[in-house]
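Okay, so here's the structure we're looking at.
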């Protein structure tokens with residue numbers, strides 16, 4: 197092979213190798229920048245949660261920027277507008293709620309303690325973040341947002357509860373057709389009671405949780421007794437049904453553990 201041809205081949209290989217190195221370096225740089233932006237956005241959402249505690253649901257972008265220790269232009273590099281921040285706060289609110297609610301719903305407990313634990317998880321979250329709940333439930337951003345977080349979470353929880361109730365009803369040879377209206381009725385009652393409680397605070401969290409626990413259990417106990425099924429409210433059931441609940445899920449995945 198002639199020296200000229202050999203040099204051309206080597207040059208071509210070096211050029212392709214250099215191109216691949218540059219491409220890899222560019223990809224790595226973009227990946228680092230993407231991760232940095234995600235991390236910064238999360239920091240600003242946490243700052244917005246703190247600002248909500250101070251300023252209430254009517255907080256402005258300047259309040260969030262001040263809490264985060266940046267200027268508004270910096271904040272707008274990570275959020276298109278207040279509606280974009282609103283959606284991010286909604287996603288964070290869902291994470292906070294589900295982190296508490298899923299373990300409670302799936303606890304291997306007797307029926308009444310399990311109901312009580314799930315209700316306490318919900319009321320604890322809205323007690324700790326009342327302004328976040330008010331913002332998401334009643335806030336009116338400057339322009340329409342891409343999702344109604346409270347309505348979507350309500351539907352997810354009702355769908356999961358439908359699967360849970362339906363599976364138990366079938367286990368006891370009962371008609372599971374009532375599971376869906378029951379689930380939506382329970383979720384609606386809990387949400388409405390939660391809003392009333394946030395506004396009035398005429399009783400403590402433990403009291404409102406206990407009242408709702410007894411109401412829900414009385415309905416379940418009444419229905420099962422009508423079908424000849426007696427359940428001890430303070431003994432774990434033979435099979436523990438659990439649900440997988442999350443925004444990315446269909447919220448109706450159900451499995452059984454012994």
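Numbering (our numbering), first residue to last: 197 to 454. Even glycine gets a Cβ: it sits at the ideal position worked out from N, Cα and C.
Rounded separation between residue i and residue j - CA only
i	j	result
residue 326	residue 394	7 Å
residue 240	residue 425	52 Å
residue 362	residue 431	20 Å
residue 409	residue 366	23 Å
residue 292	residue 347	16 Å
residue 437	residue 382	18 Å
residue 288	residue 372	34 Å
residue 356	residue 298	10 Å
residue 224	residue 237	20 Å
residue 370	residue 418	13 Å
residue 281	residue 433	43 Å
residue 255	residue 384	28 Å
residue 364	residue 249	40 Å
residue 242	residue 230	19 Å
residue 257	residue 226	28 Å
Cβ shell of residue i (< 8 Å), same chain only, five flanking positions each side left out
i	result
residue 404	319, 389, 393
residue 201	Caution is warranted here: a pLDDT of 43 is assigned to residue 201, below 50, making its placement in the model unreliable, and no coordinate value can be reported.
residue 253	327, 330, 331, 334, 335
Residue i, buried or exposed, once every other Cβ within 10 Å from all chains shown has been counted against 16
i	result
residue 456	The question about residue 456 has no answer, for the chain in this structure spans 197 to 454.
residue 270	exposed
residue 446	Only weak support exists for where residue 446 lies, its pLDDT of 32 falling under 50; the value from the coordinates is given anyway. Residue 446 should be labelled exposed.
residue 422	exposed
residue 399	exposed
residue 349	buried
residue 232	exposed
residue 396	exposed
residue 435	exposed
residue 407	exposed
residue 206	Note that residue 206 scores a pLDDT of 49, beneath 50, so its modelled location is shaky and nothing firm can be said.
Close-in-space but distant-in-sequence residues of the same chain around residue i (CB under 6 Å, 5 per side omitted)
i	result
residue 159	Outside the shown range of the chain, which is 197 to 454, sits residue 159, and nothing can be said about it.
residue 286	332, 345
residue 358	375, 376, 379
residue 276	none
residue 306	430, 431, 432
residue 251	259
8 Å Cβ cutoff met for residue i and residue j
i	j	result
residue 420	residue 368	yes
residue 279	residue 268	no
residue 354	residue 379	yes
residue 263	residue 247	yes
residue 311	residue 412	yes
residue 328	residue 245	yes
residue 302	residue 386	no
residue 266	residue 429	no
Cutoff 8 Å: residue i Cβ touching any chain B Cβ
i	result
residue 314	Here there is only one protein chain, and chain B is not present.
7 Å Cβ shell around residue i - same chain, five flanking residues per side excluded
i	result
residue 228	none
residue 296	317, 320, 321
residue 273	none
residue 203	Legend: pLDDT at residue 203 = 42, less than 50; position of this residue unreliable, value from coordinates given subsequently. Here the set comprises nothing.
residue 323	401
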